[in-house]
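Residue numbers for the sequence shown follow numbering that gives the first Met the number 0, beginning at 0 and rising by one.
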Amino acid sequence: MEQIFKFINNLNSAQRAVIIGGFSVLFLFLMGLLIYSNIKSQDQELNYTIASNLTKTQVMLASAELDASSIPYSIVGTGNNLTLRTSRDNINIAKIKLVTSDASTAKHTGWEIFDKSSLGTTNFENKVKYLRALEGELGRSLESISGILSASVKIAIPKESVFTQRKTDPTASAVLNLREGTALSQRQVEGIKSFIASSIPKLKIENIKLINQNGSLLENNPESIENLKYIEHEKYKTKLESDYENKIKDLLLPFLGNQRVVAKVSIELDFTKKEINQEIYEPEGTIRSQQTTEIAAQSDAQEPQKAGVPGVQSNIEDPKEKNNVKTTKTSKEEAKNVTNYEISKKIISQKNNAYAGISKITAAVTFDSAVLEKIENKEEFISSLNSIVQVAIGYQEKRGDSVTVKSFKFIGLQPFGSKGESESVEGSDELSLLTTQSMIKEYSSYIQYFIAMILLFIFYKKFIANNEITFFSGATAEGKENDTDMEHLFDEFDSRTEQSKLKAKVKSQILNNLEGLTAEESAKYEVLIEQIEKSVNEQPDDIARMIMMLLNEGDSKLKGN
């Protein structure tokens with residue numbers, strides 16, 4: 000091992016780069032060969048899925064089709080949840096064979112049931128076939144939804160009756176086999192119900208029941224639905240209040256200071272949906288028709304005058320007596336005017352599409368009283384803050400909104416405008432730094448690969464590409480004769496190698512002459528030699544001057560003697 004380290008130390012940077020580059024290329028080649036052989040071996044194995052969630056009947060039909068085509072396959076699973084697999088080379092052919100075979104339609108009977116018909120089919124049989132086909136088509140459609148492995152739909156259509164009181168609505172139910180770890184949301188359940196209801200005439204959504212493979216209902220009872228609505232309403236209310244609070248803080252923090260203002264907002268919301276329909280009739284419209292009727296009448300009447308002793312005799316009129324008769328003339332005039340107008344009607348429909356309406360907003364803002372120390376007109380300053388808060392929340396007096404702004408002494412804060420205040424403001428930068436660190440931790444698994452690629456690229460550019468470029472650029476800079484330049488460079492390379500070998504030989508001879516010393520003294524000499532070698536490599540000019548000075552001093556002493 001020591002000889003290996005000595006051999007490596009005796010190599011220069013170009014030799015080390017060539018060796019390391021060669022080993023790197025060899026390592027990458029071996030890794031690529033290993034990955035390629037692994038992929039080829041996996042392609043030959045039966046690891047590619049042709050179809051999954053198959054019943055035993057479907058597997059029997061599919062296996063017969065694959066055997067007839069001489070396609071190798073394997074069956075994985077138990078019960079009615081079977082999976083067919085084959086190799087990569089046969090996966091496409093196997094899928095085509097299954098699609099064109101009876102195995103793809105054996106699970107559900109759809110409209111293909113009417114492909115074969117006979118003359119002796121009764122009306123009742125046709126109704127049963129129609130019901131089976133409708134159930135099968137609905138089951139196929141539901142299985143296309145993500146998370147549903149298989150589906151079975153049952154429909155109950157009542158017999159039609161001429162009596163209205165005996166009529167009943169149709170009902171439907173579905174058994175959904177869900178994928179493991181999958182749960183349908185309430186919106187998905189409502190969507191499935193709406194899909195089934197729209198496929199069957201006169202079927203109402205409330206008459207549809209859905210259960211999973213465990214027999215549990217896939218819908219919430221009315222109480223649970225109300226609880227979910229309440230939770231959603233509270234979440235919306237909390238988020239809206241938080242948005243208003245942040246809006247107030249963003250307006251006040253620049254001149255009140257960080258951590259010197261607290262804002263709380265309470266909002267009353269109205270989640271009721273309102274729909275208003277109005278019909279307005281205009282009293283004065285366009286005249287459609289007008290009719291005027293005038294009637295004039297005149298008549299004469301005679302009335303005899305009664306006289307004499309009261310009694311029966313005086314009341315009997317004597318036809319011979321025409322005297323004492325009173326004549327009366329009467330006249331009558333009547334005018335009638337009828338005007339018909341066009342009826343002008345205006346219908347106004349108003350629908351509130353908002354998720355919720357704001358009934359009332361109450362805002363309370365407190366800030367540190369230290370802010371008011373250098374302000375002369377404190378009441379005006381607080382009034383200005385009140386106006387700013389009102390604008391921020393959309394204050395409406397008709398709605399009953401209220402805003403309260405008060406100043407209090409905040410405990411545990413630095414004096415307003417001090418150095419500690421600026422340090423507290425810089426805390427936001429620390430928070431952003433912490434956020435950046437958390438993001439780095441979250442994506443550290445991807446960053447490490449990115450860093451590794453960068454390091455490999457730097458290694459290639461520094462130790463391999465640069466040496467090659469320098470080598471060939473030096474060769475071309477010597478002259479136009481490429482062969483002579485190359486020989487010169489190789490000779491220089493060999494001379495450097497011989498010099499390094501000679502240095503190593505001299506170093507080993509010096510170390511061998513230290514056998515008479517103790518282990519501690521020999522270690523000191525080794526360290527001294529390493530330091531001298533390091534200094535010579537780092538500062539060759541200074542060491543050369545020092546050696547020249549020592550030689551000159553030695554010559555002068557010899558001449559003096």
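Idealized CB from N, CA, C, for every residue including glycine.
Inset, instruction - Within the segment 220 to 283, note down every full beta strand (DSSP E) run reaching 3 residues or more, in order along the chain. - result: Runs of the beta strand (DSSP E) lying entirely within the segment 220 to 283 and spanning at least 3 residues, in chain order: 260 to 269 and 274 to 281.
Inset, instruction - Find the nearest neighbour of Thr403 within the set Asn245, Leu53 and Ala262, judged by alpha-carbon distance. - result: In the sequence shown, counting from the first residue as 1, residue 403 sits at position 404. Among Asn245, Leu53 and Ala262, the Cα nearest to that of Thr403 is on Ala262.
Inset, instruction - Using a threshold of 7 Å, state whether the C-beta atoms of Ala93 and Ile70 are closer than that. - result: Your numbering for residue 93 matches position 94 in the sequence shown. Your numbering for residue 70 matches position 71 in the sequence shown. A contact, by the Cβ cut-off of 7 Å.
Inset, instruction - Would you kindly report the start and end of the unbroken beta strand (DSSP E) that includes Phe409? - result: Position 410 of the sequence shown, counted from the first residue, corresponds to residue 409. It is not in any beta strand (DSSP E) - Phe409 carries neither H nor E in the DSSP assignment.
Inset, instruction - Might you give, ordered along the chain, the residues of its own chain that have their beta carbon closer than 8 Å to the beta carbon of Val188, omitting 5 neighbours on each side? - result: Translated into the one-based positions of the sequence shown, residue 188 becomes position 189. These residues qualify, in order along the chain: Leu209, Leu217 and Glu218.
Inset, instruction - Measure from the alpha carbon of Asn52 to the alpha carbon of each residue in Arg398, Ala543 and Gly146, then state which is nearest. - result: Translated into positions along the sequence shown, residue 52 becomes position 53. Minimum Cα distance to Asn52 is reached at Gly146.
Inset, instruction - Compute the Euclidean distance between the alpha carbons of Ala67 and Asn176, then round it to the nearest angstrom. - result: In the sequence shown, the residue the question calls residue 67 occupies position 68. In the sequence shown, the residue the question calls residue 176 occupies position 177. About 32 Å.
Inset, instruction - Let me know if Lys115 comes out buried or exposed under the rule of 16 or more other beta-carbons within 10 Å of its beta-carbon. - result: Locating residue 115 in the sequence shown gives position 116, counting from the first residue. Exposed is the call here.
Legend entry - Alpha-carbon to alpha-carbon, Pro414 and Gly399: As a first step, residue 399 must be located in the sequence shown, where it is residue number 400. As a first step, residue 414 must be located in the sequence shown, where it is residue number 415. So the two alpha carbons sit approximately 38 Å from each other.
Inset, instruction - Within the same chain, show all residues whose beta-carbon is closer than 7 Å to that of Ser193, passing over the 5 residues directly before and after it, in chain order. - result: What you label residue 193 is simply residue 194 of the sequence shown in a count that begins at 1. Within the same chain, Ser193 has close Cβ partners Ile204.
Inset, instruction - Throw me the rounded Cβ distance for the Asn336 and Ser288 pair, which I believe falls under 8 Å. - result: The count along the sequence shown starts at 1 and reaches residue 336 at position 337. The count along the sequence shown starts at 1 and reaches residue 288 at position 289. With a Cβ gap of about 12 Å, Asn336 and Ser288 do not count as contacting.
Legend entry - Cβ contact (3+ pairs, closer than 8 Å) linking the segment 231 to 241 and the segment 380 to 400: no
Legend entry - Assigned exposure category for Thr181 - 16 Cβ within 10 Å defines buried: Here residue 181 refers to the residue found at position 182 when the sequence shown is read from its first residue. It is exposed - the Cβ of Thr181 has fewer than 16 other Cβ atoms within 10 Å.
Inset, instruction - To the nearest angstrom, report how far apart Thr292 and Lys273 are at their CA atoms. - result: Here residue 292 corresponds to residue number 293 of the sequence shown, with the count starting at 1. Here residue 273 corresponds to residue number 274 of the sequence shown, with the count starting at 1. Going by the C-alpha atoms only, they are around 51 Å apart.
Legend entry - Backbone CA spacing between Ala543 and Asn8 [nearest angstrom]: Taking the first residue of the sequence shown as position 1, residue 543 is located at position 544. Taking the first residue of the sequence shown as position 1, residue 8 is located at position 9. Rounded to whole angstroms, Ala543 to Asn8 spans 23 Å at the Cα level.
Inset, instruction - Work out the CA separation of Ile531 and Ile546 for me, nearest whole Å. - result: Within the sequence shown, numbered from 1, the residue matching residue 546 stands at position 547. Within the sequence shown, numbered from 1, the residue matching residue 531 stands at position 532. Those two C-alpha atoms are separated by around 13 Å.
Legend entry - Sequence-distant residues of the same chain with beta carbon closer than 6 Å to Tyr35, five excluded per side: As a position in the sequence shown, residue 35 is number 36, starting the count at 1. None.
Inset, instruction - Quickly, what does DSSP pair Asp367 with across the bridge? List them, please. - result: Against the sequence shown, residue 367 aligns to sequence position 368. Beta-bridge pairing links Asp367 to Phe407.
Legend entry - Coil, strand or helix - Asn178 by DSSP: Mapped onto the sequence shown, residue 178 falls at position 179. In the sequence under discussion, the amino acid at residue 178 is Arg, which differs from the Asn named in the question. In this structure, Arg178 counts as coil in the three-state DSSP scheme.
Inset, instruction - Taking only the alpha-carbon atoms, compute the straight-line gap between Asp541 and Val526 and give it to the nearest angstrom. - result: As a first step, residue 541 is located in the sequence shown; it is residue number 542 there, counting from the start. As a first step, residue 526 is located in the sequence shown; it is residue number 527 there, counting from the start. CA-to-CA, the gap between Asp541 and Val526 works out to about 20 Å.
Inset, instruction - On a CA-only basis, which of Trp110, Gly356 and Thr85 is nearest Leu137? Give me that one, please. - result: On the sequence shown, position 138 is the one that residue 137 refers to. The shortest CA-to-CA distance from Leu137 to any of Trp110, Gly356 and Thr85 is the one to Trp110.
Legend entry - Beta-carbon proximity check, Leu81 vs Ile74, cutoff 7 Å: Position 82 of the sequence shown, counting from 1, holds the residue named residue 81. Position 75 of the sequence shown, counting from 1, holds the residue named residue 74. Yes, the Cβ-Cβ distance between Leu81 and Ile74 is below 7 Å.
Legend entry - Ala173 vs Val264 beta-carbon contact at 7 Å: Here residue 173 is taken as the residue at index 174 of the sequence shown, counted from 1. Here residue 264 is taken as the residue at index 265 of the sequence shown, counted from 1. Contact: no.
Inset, instruction - Find out if the Cβ-Cβ distance for the pair Ser401, Ser368 is shorter than 7 Å. - result: For the purposes of this step, residue 401 is taken as the residue at position 402 of the sequence shown. For the purposes of this step, residue 368 is taken as the residue at position 369 of the sequence shown. Cβ atoms of Ser401 and Ser368: not closer than 7 Å.
Legend entry - Assigned exposure category for Tyr243 - 16 Cβ within 10 Å defines buried: Indexing the sequence shown from 1 puts residue 243 at position 244. The residue is buried, with at least 16 neighbouring Cβ atoms inside 10 Å.
Inset, instruction - Can you grab the Cα-Cα spacing for the pair Glu379 / Leu251, in whole Å? - result: Numbered from its first residue, the sequence shown carries residue 379 at position 380. Numbered from its first residue, the sequence shown carries residue 251 at position 252. Cα-Cα distance, rounded: 15 Å.
Legend entry - Helix, strand or coil at Asn91 [DSSP, three-state]: Along the sequence shown, read from residue 1 onward, the residue named residue 91 stands at position 92. DSSP places Asn91 in helix when its eight states are reduced to three.
Inset, instruction - Could you pull the start and end residues of the beta strand (DSSP E) that Asn376 belongs to? - result: Working through the sequence shown from its first residue, we reach residue 376 at position 377. Per DSSP, Asn376 belongs to no beta strand (DSSP E) and is neither H nor E.
Inset, instruction - Please classify Ser215: is it buried, with 16 or more other beta-carbons within 10 angstroms of its beta-carbon, or exposed? - result: Translated into the one-based positions of the sequence shown, residue 215 becomes position 216. Ser215 should be labelled exposed.
Legend entry - Extent of the continuous alpha helix (DSSP H) to which Ala61 belongs: On the sequence shown, residue 61 is found 62 positions in, with the first residue counted as 1. First-last of the alpha helix (DSSP H) with Ala61: Lys55 to Ala67.
Inset, instruction - Return the CA-CA distance between Glu341 and Glu278, expressed in angstroms with no decimal places. - result: On the sequence shown, residue 341 is found 342 positions in, with the first residue counted as 1. On the sequence shown, residue 278 is found 279 positions in, with the first residue counted as 1. Whole-angstrom Cα-Cα distance: 16 Å.
Legend entry - Per-residue DSSP class, three states only, for Gly393: Here residue 393 refers to the residue found at position 394 of the sequence shown. Reduced to three states, the DSSP call for Gly393 is coil.
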